[in-house]
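Have a look at the structure below, then the notes.
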Amino acid sequence: MSAAPFGRPARRHVTVYDTPSQLGGSFTVSIVETLAGNAVKVRVWYGRATAQGWESWKDWDGYTFQTDRTALTNERVMPLFK
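So in numbering that gives the first Met the number 0, the last spot in the sequence shown is 81, and the numbers never skip.
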């Protein structure tokens, strides 16, 4: 994620949360869309920040799903560049 489309600067950081993965651990996610009720669509962040930008690890990075906002914990700002 080193360059944004149309010449805009790349995002330097993103607000993320932890949410249960239902696989015995948790995902680091950001909110993509607010849905009806207390539901949100989230994007999984799986990779690491580098000097060139976000290094995506393809196993889960970019995966989106719907969850309840109450399942989001540990709000924080995560840098996308090191």
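C-beta: ideal position from N, C-alpha, C; glycine also.
For residue 53, the uninterrupted beta strand (DSSP E) run begins and ends at 52-55, by DSSP. Separation of residue 64 and residue 78 (C-alpha to C-alpha, rounded to the nearest whole angstrom) is 22 Å.
Around the C-beta of residue 56, fewer than 16 other C-beta atoms lie within 10 Å, and the residue is accordingly described as exposed.
A straight line joining the alpha-carbon of residue 81 with that of residue 74 spans about 20 Å.
In this structure, DSSP gives residue 10 a state outside helix and strand, which the three-state scheme calls coil.
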